[in-house]
Structures are given as C-alpha cells and as structure tokens.
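Residue 239 in the numbering used here sits at position 153 of the sequence shown, and the numbers go up by one each step. Ideal Cβ positions, reconstructed from N, Cα and C, are used throughout, including at glycine.
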Amino acid sequence: MIYIYSFSIPSIMVNQWPDIYYHTNLDTIDKFDPILAKRIAIGIGSSLYIIALNRLDKETIETLSKAYREYISGYTKLKYNIDILKKYKYIEDLKNGVIKSNAPRFKYIGDKGVITLRTILRFCPSTEELNSILEALERQPFQFLFTHYIPLLLMNREVSIDEIKMYIALEYGIDIDEKSLLKLIDYLKQFKLVMEISTT
C-alpha cells in the first residue's frame, strides 16, 4: 500500500509491465491475466475495507510504508548480488572455453529501428506463424531481446550464439538457453532481418 502524503489519502499502486498487445488493436479484455485481476481486486478490496473502518492512523501508515521500503531495498540488494554472481560464473565459463571459435555468426541486415508489431505482421506468412511468434515472445525477456537488444547487438558486428548468450548474461545477469535463443534468431532470419555467416 502507498500513502499519498500530499493529501493524507491511503492508496495502492498497481504495476504491470505492458505485454506485447499493449497499444495495439489486439489489446482486448481476454488478454488480461485472471490471476493478476484477482490479486488487484483483493488489494483494492482490502484497502477500501481498512479505510472504511477508519482505523488507519498516520503512525500505522508510516510503519507500513517503512516496512515496504525496507522490503524493496532488501530485495533490490539481494537481486543485485545474485545478478553479479551469475555474471562472474558466466565469465568463468568463458575462460573454460564455452565460446566456439568456428561457430556460425549472425549479422543484422534490416532497417534501423525497433521491431514493432507492425513489422512482425508485415513479415509473417500466415496467421499460424504469427500466433507462434507472439506466443514465443510472451515469455519475458524474449520480447525485449527480439525487438531491441539482439538487433542492436548484431547491427555493427558479426556475433555467434555463444557470444550473444555471453552479452545477455553480462548485461542483464540472465542465462538464456541456446534453444530459445536460436528460435529468436530463426524468426529474425525468416524476416530477412538477420543473415547467417559461415566461418568455415
């Protein structure tokens, strides 16, 4: 719960990262997650119930706000340390020869700019293929990697799959499995936005 100090009004803030349908003509009510909707309803209902009881004094609100801030601060520090450890582990793997020198490399050859839903619609040969791609991109952080990071990474250099994995791990502290990464690259190749360059 968030306390709006300016007006002395207890309030809550709902945060949901926009999905791939956000600001498109596909953003319909059936795309809304029912589990998230339930949690929002419980959060709003609980807040309204407490406010209606008129027992939420300033001291209680400040205690709750402090506890929430400490929780977020602790979570952020913990996540940061875990991300750092993942990066160090990946660097150690690189020293042990994870990257193959003769692996195929990839280069972005499409127009500069973000890959939008319109781009995907324009290049998809069928509705089935479109649904398949959208389903694959629903998993975070695949949408961002597909539309932003990978094209930008491949724009000025030729990079192998292992190197793409390395850069993602070093940049974001996450380890994307090779199969999922190859699937994203295959879609980009299918759209003629990325080309494969053989090193043999």
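Please classify residue i as buried or exposed, where buried requires at least 16 other C-beta atoms within 10 Å of its C-beta.
i: P237; result: buried
i: F232; result: buried
i: E249; result: buried
Tell me the DSSP secondary structure of residue i in three-state form.
i: E257; result: helix
i: I128; result: helix
i: I283; result: strand
i: K265; result: helix
i: F192; result: strand
i: S212; result: coil
Among the options, which residue has its Cα nearest to the Cα of residue i?
i: F228; options: D143, K198, S266 and I147; result: S266
i: V245; options: I121, K193 and D272; result: K193
i: M241; options: L112, V200, S159 and G160; result: V200
i: T202; options: H234, N217 and R225; result: H234
Would you please state the rounded distance, in angstroms, between the beta carbons of residue i and residue j? I believe it to be under 8 angstroms.
i: K251; j: E264; result: 7 angstroms
i: Q211; j: I283; result: According to the sequence as given, residue 211 is Pro; it is not Gln. That belief does not hold up - the Cβ atoms of P211 and I283 are roughly 24 angstroms apart, past 8 angstroms.
Taking 8 angstroms as the cut-off, decide whether the C-beta atoms of residue i and residue j are in contact.
i: I195; j: V280; result: yes
i: I219; j: Y273; result: yes
i: I254; j: I247; result: no
i: K275; j: A222; result: no
Closest Cβ-Cβ distance between residue i and chain C: below 8 angstroms?
i: L122; result: Note that chain C does not occur in the displayed structure, where there is just one protein chain.
Quick check: is any heavy atom of the ligand MN less than 7 angstroms from the C-beta of residue i?
i: K163; result: Questions concerning the ligand MN fall outside what the structure shown contains, since it holds no ligand whatsoever.
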